[in-house]
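Residue numbers (UniProt numbering), protein chains in the order written: chain A, 1 to 217; chain B, 1 to 217. Think of the CB as a built atom: it goes at the ideal place given N, C-alpha and C, for glycine as much as any other residue. Here's the structure we're looking at; comments come further down.
2 protein chains.
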Amino acid sequence: MAAPLPTGPGGSRGRRARRPSGDDRERAILATAEDLLGQRPLADISVDDLARGAGISRPTFYFYFPSKDAVVLALLDRVVEEARESRSAALRRAGDDVRASWRGALEAVRSTFAAHRALTAAAASLLATSAEVRALWAAVMDGFVEETAAAIEAERARGAAPAGPPARDLAVALNWMNERVIHVTYAGQTPALAEDDLVDVLLTVWLRTVYGSDTPR
Amino acid sequence: MAAPLPTGPGGSRGRRARRPSGDDRERAILATAEDLLGQRPLADISVDDLARGAGISRPTFYFYFPSKDAVVLALLDRVVEEARESRSAALRRAGDDVRASWRGALEAVRSTFAAHRALTAAAASLLATSAEVRALWAAVMDGFVEETAAAIEAERARGAAPAGPPARDLAVALNWMNERVIHVTYAGQTPALAEDDLVDVLLTVWLRTVYGSDTPR
DNA sequence: CGACGTACTCGACACCGTGTCGAGTACCGT
DNA sequence: ACGGTACTCGACACGGTGTCGAGTACGTCG
Chain A
1 MAAPLPTGPG GSRGRRARRP SGDDRERAIL ATAEDLLGQR PLADISVDDL
51 ARGAGISRPT FYFYFPSKDA VVLALLDRVV EEARESRSAA LRRAGDDVRA
101 SWRGALEAVR STFAAHRALT AAAASLLATS AEVRALWAAV MDGFVEETAA
151 AIEAERARGA APAGPPARDL AVALNWMNER VIHVTYAGQT PALAEDDLVD
201 VLLTVWLRTV YGSDTPR
Chain B
1 MAAPLPTGPG GSRGRRARRP SGDDRERAIL ATAEDLLGQR PLADISVDDL
51 ARGAGISRPT FYFYFPSKDA VVLALLDRVV EEARESRSAA LRRAGDDVRA
101 SWRGALEAVR STFAAHRALT AAAASLLATS AEVRALWAAV MDGFVEETAA
151 AIEAERARGA APAGPPARDL AVALNWMNER VIHVTYAGQT PALAEDDLVD
201 VLLTVWLRTV YGSDTPR
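Quick look at the structure:
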């Protein structure tokens, strides 16, 4: 809807170099997709819908994207970057208060999901069918897991956290828990948590798992 | 493949009452689906494949099931029942050793998933598109959550587990963690755990979350 | 200034999977 | 032997995807 900037110099996932008016078209497709995803599930959106929404014909759509999925992937790319950055930033900030630091990381991920419910729902439906989306998601989760594992190890080295299973294993479990709980909660599935309790509950599980206590230090 | 037994007296999800030869057809479709799901993802299996595999024409397929999804749903029904029972049984068994009891519940769910990888993968892909599958899955998870919450409350009442967030909230988080971690592990996605470490890691998170310690009592 | 190429556009087509309709056939009980 | 019910399938209509090839618009360079 907004995003007047070009995709960026290292646009990576974009199909080809910049082009005068074609750039507008591409953005129009992306914007249409975002818009329609707010109204109905991905499965109910056809390439034709996307093309019409962007003011072009269906064949022309294929000049810009190889498929419907690729559009979602492009959208997802941006959001994923946002999630990564806001999480890393949260961890960087709040250096001394340990509890606040963990909470910040949780909150960062939650708020990114919350800000893009429709898109994440679409992404979830593609996880089953698109290897690219799966790979992207796996990369995101891997990043989170790495960060988390490093933090747990640091806490263990500091003597603040007890030994136990490999830090990475705990990190895998905790991060997938987040992913799923946040997802079901915002997708309106059951059983879920109340949106307001989300972070508190997850934080409790994280702290107890890492420190064995609700009050680290 | 196997399963020479009828669906059972309370076949519930079956479309209509028993029929002489039609029953065989229905089972043949189910068996074909199970078989093909072992070879390729659900999206790559057409109604025609199912029909041919069962030795009938495509229109005839529709006499037995309203759609491809309904076949998976029927398959899922059986497995879900199995999962529920084996989990409840595990909790009933091992009455005094608390740790063993939790471990048994975890192991029950894990082994059911493991025994039906292909089907659960198919189910996962339908979660996005089929409201029925979503409802069935929600019901299963709800059952697990209820059981778990009750167990946590019992431990709190006994004085073995500390207070904290509502038991149900913890139960929601823990059970979705299981679902996702087991799923990614058996679906070969990343980041995942080693199959052999699965239950140990999950058990650690559960115990620390419920008791704040690896060694309850 | 005109000719050329590159970026872009779309009508028409081939294809595939779904779901339905209606005309059957087989077999049961009467 | 007859009527009905369970079952079967050929043929069709439909909706979506992806491609091909014939264009058009426009900047650039001779």
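Checklist entry - When we look at the beta-carbon of residue 239 (chain A) and count the other beta-carbons within 10 Å, is it buried (16 or more) or exposed? => result Lying outside 1 to 217, the shown extent of chain A, residue 239 (chain A) is not represented and no answer is given.
Checklist entry - Per DSSP, what kind of secondary structure is Ile45 (chain B) in: helix, strand or coil? => result In the structure shown, Ile45 (chain B) adopts coil according to DSSP, grouped into three states.
Checklist entry - If you draw a straight line from the C-alpha of Ile45 (chain B) to the C-alpha of Ala33 (chain A), how long is it? => result Looking at the two C-alpha atoms, the distance is approximately 28 Å.
Checklist entry - CB-CB under 7 Å to Thr215 (chain B), same chain, minus the five flanking residues each way: which ones, in chain order? => result Result list for Thr215 (chain B): empty, nothing under 7 Å.
Next on the checklist: By the DSSP assignment, the alpha helix (DSSP H) with residue 222 (chain B) in it spans what residues?
Outcome noted: With chain B covering only 1 through 217, there is no way to say anything about residue 222 (chain B).
Next on the checklist: Any beta carbon of chain A sitting closer than 8 Å to that of Asp200 (chain B)?
Outcome noted: At least one chain A Cβ lies under 8 Å of Asp200 (chain B).
Checklist entry - If contact means a Cβ-Cβ distance below 7 Å, which residues of the stretch 112–133 of chain A contact chain B? => result Here the close residues are Ala124, Ser125, Ala128, Thr129.
Item to check | Counted within 10 angstroms of its Cβ, other Cβ atoms place Ala83 (chain A) as buried (16 or more) or exposed | outcome: By the neighbour-count definition (other C-beta atoms within 10 Å, threshold 16), Ala83 (chain A) is a buried residue.
Next on the checklist: For Ile56 (chain B), which residues in the same chain have their Cβ closer than 7 Å to its Cβ, ignoring the five residues on either side in sequence?
Outcome noted: Taking C-beta separations shorter than 7 Å and ignoring five residues to either side along the sequence, the partners of Ile56 (chain B) in its chain run Arg25, following chain order.
Checklist entry - Taking Cβ-Cβ distances shorter than 9 Å, what residues in chain B pair up with Pro191 (chain A)? => result Close to Pro191 (chain A), with beta-carbon spacing below 9 Å, are these residues of chain B in chain order: Ala138, Met141, Asp142, Phe144, Val145, Glu146, Arg168, Ala171, Val172, Asn175, Trp176.
Checklist entry - Helix or strand or just coil, what does DSSP make of Gly38 (chain A)? => result It is coil, neither helix nor strand.
Next on the checklist: To the nearest angstrom, how far is the alpha carbon of Ala100 (chain A) from that of Asn175 (chain A)?
Outcome noted: Looking at the two C-alpha atoms, the distance is approximately 17 Å.
Next on the checklist: Just checking: is the beta-carbon of Thr60 (chain B) within a distance shorter than 8 Å of some beta-carbon in chain A?
Outcome noted: Not one chain A Cβ lies under 8 Å of Thr60 (chain B).
Next on the checklist: For Arg19 (chain B), would you say it is in contact with chain A, using Cβ-to-Cβ distances shorter than 8 Å as the test?
Outcome noted: With a pLDDT of 41 at Arg19 (chain B), under the threshold of 50, the predicted position of this residue should be treated as unreliable, and no value is reported.
Next on the checklist: Going by DSSP, what residue range makes up the alpha helix (DSSP H) through Leu193 (chain A)?
Outcome noted: Annotation: Leu193 (chain A) is outside any alpha helix (DSSP H) and is labelled neither H nor E by DSSP.
Item to check | Cβ shell of Val165 (chain B) (< 6 Å), same chain only, five flanking positions each side left out | outcome: The sequence given here has Pro at residue 165 (chain B), not Val. Around Pro165 (chain B): no qualifying Cβ.
Checklist entry - Leaving out the 5 sequence neighbours to the left and right, which residues in its chain are closer than 7 Å to Ala94 (chain A) when beta-carbon positions are compared? => result Around Ala94 (chain A): Ala100, Ser101, Gly104.
Item to check | For Ala128 (chain B), the nearest candidate out of A:Ala135, A:Thr120, A:Ala131 (CA to CA) | outcome: Among A:Ala135, A:Thr120, A:Ala131, the Cα nearest to that of Ala128 (chain B) is on A:Thr120.
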